[in-house]
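Have a look at the structure below before the remarks.
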Ligand code: SF4
Ligand code: SF4
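Residue numbers (the numbering used here): 15 to 74.
Printed below as a string of structure tokens:
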């Protein structure tokens, strides 16, 4: 499983990218997203979700 970012709710703050230990957060053309093939949900403790101020990261 993987996490996903709701692009409509994301404020593009960028906090999730450095928080990800797996490098799964990518920024393409100004939009942040999570590579589902790389994200391992941090083994049940999603770091990106814990730092996101917009509460827009949810399980895929
Ligand atoms: S859940 Fe963990 S591995 Fe997946 S994108 Fe968030 S920080 Fe990265
Ligand atoms: S931390 Fe949340 S609001 Fe900030 S870029 Fe990531 S998904 Fe968007």
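Note that beta-carbon positions come from the ideal geometry of N, C-alpha and C, so glycine has one too.
On a predicted model such as this, the values are computed, not experimentally measured, just so you know.
Fill in: Under 7 Å between C-beta atoms of residue 12 and residue 29
Nothing can be reported for residue 12: it is not among the residues displayed for the chain, which extend from 15 to 74.
Worksheet item: What is the chain-ordered set of residues for which the beta carbon lies under 5 Å from any non-hydrogen atom of ligand 1?
Response: 17, 34, 36, 38, 48, 53, 55, 56, 60, 61, 62
Discussion item. Please report the straight-line C-alpha distance between residue 52 and residue 36, rounded to a whole angstrom.
Written reply: 7 Å
Worksheet item: How about residue 33 and residue 72: do their beta carbons lie closer than 7 Å?
Response: no
Worksheet item: Of the choices 55, 26, 15, whose alpha-carbon is the least far from that of residue 43?
Response: 26
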